[in-house]
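Visitor:
There are 2 protein chains.
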Amino acid sequence: MTKTYSIRELSQEFDITTRTLRFYEEKGLISSSRSTQTRTYSSADRIRLKLILRGKRLGLTLEESSDIINMYNPATGNKAQIQTLINKIRDKRKQLLQQQKDLELTLLDLRDSEERCMIALGEIDNKKTFGQ
Amino acid sequence: MTKTYSIRELSQEFDITTRTLRFYEEKGLISSSRSTQTRTYSSADRIRLKLILRGKRLGLTLEESSDIINMYNPATGNKAQIQTLINKIRDKRKQLLQQQKDLELTLLDLRDSEERCMIALGEIDNKKTFGQ
DNA sequence: TAACATACTGACGTTGACGTCAACGTTAGT
DNA sequence: ACTAACGTTGACGTCAACGTCAGTATGTTA
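Sequences listed follow chains L and H, in order. Counting in our numbering, the first sequence runs from 1 upward without gaps. Counting in our numbering, the second sequence runs from 1001 upward without gaps.
Right, here's the structure in full:
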């Protein structure tokens, strides 16, 4: 009896097209139960979608997002497999930490750019006020 | 007399192909002076390349990176134009701040996933030690 | 029941960011 | 002078992530 969603509801909530949702399903990124023909999404499906879109905002590919999501269940109980998974998790974290550094640098640059603009504006005003 | 670089040097330093460098030039992202036929890159060109690759690690498109780089000079002195530029800078910053949030959330999720893995490993060891 | 809105499935088109390959010029060493 | 190594320009190929469109089914309202 938990809440479900139609394809239109989800597409509107997240501002994506229905085509995108079908495409994600076709690629195995999210699933849906079918009543006769039309799709019905569970709140679990909705969460997966949310995570995928979060990944997209980070510039991750759909596959990368999917991987990260699937890392969230230790699923297969083999010791070696879990070790492999841990390594993958650490690799991904390394990449994201690098991204964090890049982000901060870029933000600093933007701060810089804006300041230059403000100065340029100030100079224009000075010219207006004092002539040349 | 400042340092210059060949296409091979740059491609090796940044681990990209020469094709990529020519492609970036074709798209107007970086430039190069030509001696007879072969390209020569200045350290300014090298910096631009560096910034483009940083943008790529953030998931930005080449055009977005190019835009950000070009924001770094107030260039055109018209007041309205500078205001427009400031607005663009602020928009981009907003986007990057959102990305920063997404990044932190994803890092938290990964931390979580790793912990689950460690627990799963611990349980396997317990089974080995104590039988079932 | 006729029209209309909404959903579904192919299937081909598109865009960004290069990869790949052919054909050719240029310079360094032997 | 000849070959090898490196550089250059087209031009077509490729892959991800959808867009777009045609044709069809399924309710739903006037």
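Just so you know, even glycine gets a beta-carbon here, dropped at the ideal spot from N, CA and C. On a predicted model such as this, the values are computed, not experimentally measured, just so you know.
Under a three-way DSSP split, which group does Thr-1036/H fall into?
Guide: As a first step, residue 1036/H is located in the second sequence; it is residue number 36 there, counting from the start. Coil at Thr-1036/H, not helix or strand.
Visitor: DSSP state of Tyr-1005/H, grouped into three classes?
Guide: To locate residue 1005/H, count along the second sequence from 1; it is residue 5. Reduced to three states, the DSSP call for Tyr-1005/H is strand.
Visitor: Is the CB of Lys-92/L under 8 Å away from at least one CB in chain H?
Guide: Looking up residue 92/L in the first sequence gives position 92. Yes, its Cβ sits closer than 8 Å to a Cβ of chain H.
Visitor: Is the CB-CB distance between Arg-1048/H and Ile-1069/H below 8 Å?
Guide: Within the second sequence, residue 1048/H is the residue found at index 48, counting from 1. Within the second sequence, residue 1069/H is the residue found at index 69, counting from 1. Contact: yes.
Visitor: Tell me which same chain residues have a C-beta within less than 6 Å of the C-beta of Ala-80/L, skipping the five on either side of it?
Guide: For the purposes of this step, residue 80/L is taken as the residue at position 80 of the first sequence. Hits under 6 Å: none found.
Visitor: Can you list, in chain order, the stretches of the beta strand (DSSP E) that have 3 or more residues and sit fully within the stretch 46-124 of chain L?
Guide: Complete beta strand (DSSP E) runs here, min 3: none at all.
Visitor: Do you know how far the Cα of Ala-120/L is from the Cα of Leu-1097/H?
Guide: In the second sequence, residue 1097/H corresponds to position 97, counting from 1. In the first sequence, residue 120/L corresponds to position 120, counting from 1. Cα-Cα distance, rounded: 25 Å.
Visitor: Residues of chain L with CB under 8 Å from Lys-1079/H, in chain order?
Guide: The residue you call residue 1079/H lines up with position 79 of the second sequence. What Lys-1079/H touches in chain L: Leu-121 and Ile-124.
Visitor: Using DSSP bridges, identify the partner residues of Ser-43/L.
Guide: In the first sequence, residue 43/L corresponds to position 43, counting from 1. Ser-43/L is not bridged to any residue.
Visitor: Taking the alpha helix (DSSP H) that Ser-1020/H falls in, what are its first and last residues?
Guide: Here the question's residue 1020/H lines up with position 20 in the second sequence. Strictly speaking, residue 1020/H in this sequence is Thr, with Ser absent from that position. Where Thr-1020/H is concerned, the enclosing alpha helix (DSSP H) stretches over 1018-1026.
Visitor: How about Leu-105/L: is its C-beta nearer than 8 Å to some C-beta of chain H?
Guide: Position 105 of the first sequence, counted from the start, is the residue given in the question as residue 105/L. Yes - at least one Cβ of chain H is within 8 Å of the one on Leu-105/L.
Visitor: Look up Leu-1010/H in the DSSP assignment and say whether it is helix, strand or coil.
Guide: Position 10 of the second sequence, counted from the start, is the residue given in the question as residue 1010/H. Leu-1010/H falls in the helix class under three-state DSSP.
Visitor: Counting contacts by CB-CB distance shorter than 8 Å, is Asp-45/L in contact with chain H?
Guide: Reading the first sequence from its first residue, position 45 is the one you call residue 45/L. Answer no: the Cβ-Cβ gap between Asp-45/L and chain H never drops below 8 Å.
Visitor: Nearer than 7 Å: is that true of the beta carbon of Leu-1010/H relative to any heavy atom of the ligand PLP?
Guide: For the structure depicted, the ligand PLP is absent and the ligand set is empty, with no information on it obtainable.
Visitor: Any beta carbon of chain L sitting closer than 8 Å to that of Ile-1068/H?
Guide: By one-based count along the second sequence, residue 1068/H stands at place 68. Chain L, which has a Cβ nearer than 8 Å to the Cβ of Ile-1068/H, makes this yes.
Visitor: State buried or exposed for Leu-1108/H, treating a residue as buried only when at least 16 other CB atoms are found within 10 Å of its CB.
Guide: One-based indexing of the second sequence puts residue 1108/H at position 108. Counting Cβ neighbours within 10 Å, Leu-1108/H comes out exposed, since fewer than 16 surround it.
Visitor: Below 8 Å on C-beta distance, what does Arg-116/L contact in chain H?
Guide: Position 116 of the first sequence holds residue 116/L. Correct list: Tyr-1072, Asn-1073 and Pro-1074.
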